[in-house]
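Quick note, in our numbering, the sequence shown goes up one by one and the last residue is 149.
Note that the Cβ used here is the ideal one computed from N, Cα and C, for glycine as well.
Since the structure is predicted, the reported quantities are computational estimates derived from the model, not experimental observations.
The next block holds one structure in the form of structure tokens; read it before the comments.
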Amino acid sequence: MKIIASSLRRFSLALLTIFFVVSSLAVFAPSASAETYTVKLGSDKGMLVFQPKQLTVKPGDTIEWLNNKVPPHNVVFDPAKNPAKSKEVAKDLSHKKLLMSPGQKTTTTIPADAAPGEYTFYCEPHRGAGMVGKVTVEG
Ligand SMILES: [Cu+2]
């Protein structure tokens, strides 16, 4: 009887352990791998810049573009300035449509298969004024 009780207890301990390992994986795995970053279009002080103008992300992360001050703005990734020098990649990341009113948002999700390296983007109306930014995708 004692033997059965102790092996039962050992068995249930093992089950509990498996349960905790599996459930912690289920809870943490998806959220740990994907972050969302906010980039403001136009600084709080009304400067024609992205804020921040540089950020580092991982494949799967999302950048939320928040139309902030002095619109209209848009987000165009430079086809010549991404690791693959790919027009397609640049186009898929871009949001050419002008955001007219403050508070508007649009998002770019970095594809899971994005090549690591630097991706340059700019705002078409204000590129000449220096509204240019850079995303570094980590490998
Ligand atoms: Cu702009």
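On the CB-based measure, 16 or more other CB atoms within 10 Å of its CB, does Asp54 come out buried or exposed? Taking the first residue of the sequence shown as 1, we reach residue 54 at position 44. So Asp54 counts as exposed.
Look up Asn77 in the DSSP assignment and give the residues it is bridged to. The residue labelled residue 77 in the question sits at position 67 within the sequence shown. Looking at the DSSP assignment, Asn77 forms a beta bridge with Leu51.
Would you call the CB atoms of Ala125 and Ala90 closer than 8 Å? Here residue 125 is taken as the residue at index 115 of the sequence shown, counted from 1. Here residue 90 is taken as the residue at index 80 of the sequence shown, counted from 1. Not closer than 8 Å, so no.
Chain-order list of residues whose beta-carbon lies under 6 Å from that of Thr130 (same chain, five-residue window excluded): Residue mapping note: residue 130 aligns to position 120 of the sequence shown, counting from 1. Counting only Cβ-Cβ distances below 6 Å, and skipping sequence neighbours, we find Asp88, Lys91, Lys144.
With a threshold of 7 Å, establish whether the CB of Leu76 neighbours any heavy atom of ligand 1. Position 66 of the sequence shown, counted from the start, is the residue given in the question as residue 76. No.
Whole-number beta carbon distance between Ala44 and Thr72, since they are thought to touch under 8 Å: Here the question's residue 72 lines up with position 62 in the sequence shown. Here the question's residue 44 lines up with position 34 in the sequence shown. Confirmed, Cβ separation roughly 7 Å.
Could you compute how far the alpha carbon of Thr46 sits from the alpha carbon of Glu74? Along the sequence shown, read from residue 1 onward, the residue named residue 46 stands at position 36. Along the sequence shown, read from residue 1 onward, the residue named residue 74 stands at position 64. Their Cα atoms are separated by approximately 7 Å.
Coil, strand or helix - Lys63 by DSSP: Residue 63 sits at position 53 when you count from the first residue of the sequence shown. Looking at Lys63 - three-state DSSP - the assignment turns out to be coil, as it is neither helix nor strand.
Is Pro62 near ligand 1, judged by its Cβ being under 7 Å from some heavy atom? As a working mapping, residue 62 is identified with position 52 in the sequence shown. No - ligand 1 has no heavy atom lying nearer than 7 Å to the Cβ of Pro62.
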